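>
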DNA sequence: GTCGATTAGTTTCAAATGAAATCAGCGTCA
DNA sequence: TGACGCTGATTTCATTTGAAACTAATCGAC
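Residue numbers (my numbering), protein chains in the order written: chain D, 1 to 155; chain X, 1001 to 1155.
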């Protein structure tokens, strides 16, 4: 005799945490991507680069990659397109000729101060529709989950 | 004077829910993808198709797409590769010549009963490393979040 | 100093993705 | 019954992705 939970035929994808997480993340990314694409013509990668460069005054692409959890190829391309659009400046680091220094331009600072409220607004819209205890529980649980998975990944 | 929360320069990407969710989901997907690729040579898309076809006896590609939240192109390709590998059978639906019926083959049933325990195991490993209240809170909060975002998407 | 190893960033190329076009079969209404 | 629209699924094609190769510059050992 088999116990219910060990029977493969009973496996429910929709109750499987990695699946639920992936679905939720994809939905929110689509929503987010659509809003930023419509309002500013920005991809999520570009948005992330603007957000972290706006927060710290000057960052290298490598630092941006660390801060955004994106790979260096993605950062390189996002930064190139933002430089192209005149939102970012990229100079060779005077201390290290291999490295680059990314900064917001004036136009970049302007767009940065427009995109951040939209992000806060989106988050607030979500929060407003959730039960306070769900909302409050989500962030620490998610953070813990991220840590746990990072550990498992590294093994 | 500006309040702290409305100053764009103070925006912290790492405290932004959509970002945190995306990071957590990507990490778990990478871990999951690596394990299934190593152990069975399966992609996540293929894994999902096997999981839902294994649960329901016979499904059309469209039903699989609904059940897995994947688009029909992805399902079509995943199913084709599984048929290729002899894990799935695909026949024309006798009731409707446009539709197809996907079923597990014998080999498919065998692999299905191997992959499900690995999924449960992975989930259990994560659960074991989380505080019980975080774990317990995560699922309902995530489900609610998914619903909320789906609503916002549809507007 | 200079040579090999390493690091920062970019580019290349093959694989994955998904929107739109296509194909095939069903239903219906005149 | 046959023409039109609709639906299920696949294919095409342009775009995105990321691993690996490449370029350029620093670092460290001798």
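Note that the Cβ used here is the ideal one computed from N, Cα and C, for glycine as well. In this text the structure is predicted, and so the values were computed from the model without any measurement.
1. Mind checking residue 1050 (chain X): buried by the 16 CB within 10 Å criterion, or exposed?
2. Alpha carbon to alpha carbon, how far is residue 1110 (chain X) from residue 19 (chain D)?
3. Closer than 6 Å by C-beta to residue 1101 (chain X): which residues in its own chain qualify, once you throw out the five before and the five after it? Chain order, please.
4. Nearest CA to the CA of residue 85 (chain D): which residue from D:131, D:126 and D:108?
5. Reducing DSSP to helix, strand and coil, say where residue 57 (chain D) ends up.
6. Name, going along the chain, the residues of the segment 1076-1090 of chain X whose beta-carbon falls closer than 9 Å to a beta-carbon of chain D.
7. Excluding the five sequence neighbours on either side, which residues of its own chain have a C-beta within less than 6 Å of the C-beta of residue 139 (chain D), listed in chain order?
8. Can you tell me whether residue 31 (chain D) is buried or exposed, with buried defined as 16 or more other CB within 10 angstroms of its CB?
9. Within 7 Å: the Cβ of residue 139 (chain D) and any heavy atom of the ligand ADP?
10. I believe residue 29 (chain D) touches residue 1022 (chain X) by the beta-carbon criterion, under 8 Å. Please report the beta-carbon distance rounded to the nearest angstrom.
11. So what's residue 1087 (chain X) in DSSP terms, helix, strand or just coil?
12. Would you mind telling me which residues of chain X sit closer than 8 Å to residue 29 (chain D), beta carbon to beta carbon, in chain order?
13. When you compare each of X:1011, X:1149, X:1116 and X:1012 to residue 1040 (chain X) by their alpha carbons, which one comes out closest?
14. What residue range does the beta strand (DSSP E) around residue 102 (chain D) cover?
15. Using 8 Å as the cut-off, can you tell me whether the segment 1127-1147 of chain X makes contact with the segment 131-145 of chain D, which would need three or more C-beta pairs spanning the two stretches below that distance?
16. Counting C-beta neighbours from all protein chains within 10 Å, is the total for residue 61 (chain D) 16 or more, i.e. buried, or is it exposed?
17. Name the DSSP bridge partner or partners of residue 157 (chain D)?
18. Cα separation between residue 1024 (chain X) and residue 149 (chain D)?
Per the coordinate set shown:
1. buried
2. 22 Å
3. 1058, 1091 and 1093
4. D:108
5. coil
6. none
7. none
8. buried
9. With respect to the ligand ADP, the structure offers nothing, as it holds no ligand at all.
10. 6 Å
11. coil
12. 1018 and 1022
13. X:1116
14. 96-104
15. yes
16. buried
17. With chain D represented from 1 up to 155, any question about residue 157 (chain D) goes unanswered, as that position is not in the structure.
18. 8 Å
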